[in-house]
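Colleague: Submitted below is the structure of interest, expressed as structure tokens.
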Amino acid sequence: TFTPSAVSFAFDASEVSEFQLGTGISAIDPLHDIYYVTMPSIPQVPGLDDPRFHKTRLYGINLNTNEDILAGRIIDQSVVVLEVNAQTHELFALLKEESDSTDR
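Residue 72 in the working numbering sits at position 62 of the sequence shown; the count goes up by one each step and never skips.
Listed below in structure tokens is the structure:
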């Protein structure tokens with residue numbers, strides 16, 4: 011018999027790293043040797059431990075030099091899908107819009 015139960019989610023040192031690594035999205039541009047990866051940027055504000063209140067940090071790592079060509083750019087939305095067109099070197103992302111309404 012299966013009994014559903016709520017799973018609590020509160021940040022401590024181990025849960026933050028698990029949340030960050032478990033929600034990262036990545037894509038690779040094999041022709042230009044660029045690896046794109048997103049990670050949630052969780053604010054370090056006491057009392058603000060809700061995972062819905064985070065921004066996304068986008069990195070573009072040049073695999074030849076290990077340089078971050080995007081300098082950890084901050085995006086206000088959560089990234090759901092990340093794709094790269096290797097021929098044109100364009101990066102595309104599907105972003106999740108945070109809204110109080112789901113009637114759109």
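Positions of the beta carbon are idealized from the N, C-alpha and C atoms, including for glycine. Keep in mind that this is a model prediction, so the values were computed, not measured.
Can you tell me the Cα-Cα spacing of Gly82 and Ser15, whole angstroms?
Modeller: In the sequence shown, the residue the question calls residue 82 occupies position 72. In the sequence shown, the residue the question calls residue 15 occupies position 5. About 38 Å.
Colleague: Counting C-beta neighbours from all protein chains within 10 Å, is the total for Thr98 16 or more, i.e. buried, or is it exposed?
Modeller: Taking the first residue of the sequence shown as position 1, residue 98 is located at position 88. Exposed, because fewer than 16 other Cβ atoms sit within 10 Å of the Cβ of Thr98.
Colleague: According to DSSP, is Leu80 part of a helix, a strand, or is it coil?
Modeller: Locating residue 80 in the sequence shown gives position 70, where the first residue counts as 1. Here Leu80 sits in coil by DSSP.
Colleague: Ala37 bridges to which residues according to DSSP?
Modeller: On the sequence shown, residue 37 is found 27 positions in, with the first residue counted as 1. The partner list for Ala37 (beta bridge, DSSP) reads Tyr46.
Colleague: Glu93 lies in the beta strand (DSSP E); which residues open and close that run?
Modeller: Position 83 of the sequence shown, counting from 1, holds the residue named residue 93. Where Glu93 is concerned, the enclosing beta strand (DSSP E) stretches over 88-95.
Colleague: Which whole-angstrom value describes the C-beta separation of Thr33 and Pro50, a residue pair presumed to lie in contact below a C-beta threshold of 8 Å?
Modeller: Stepping through the sequence shown from its first residue, residue 33 is reached at position 23. Stepping through the sequence shown from its first residue, residue 50 is reached at position 40. About 5 Å separates the two Cβ atoms, so the contact holds.
Colleague: Measuring only the C-alpha atoms, how far is Ala103 from Thr48?
Modeller: Working through the sequence shown from its first residue, we reach residue 103 at position 93. Working through the sequence shown from its first residue, we reach residue 48 at position 38. Computed Cα separation, rounded: 11 Å.
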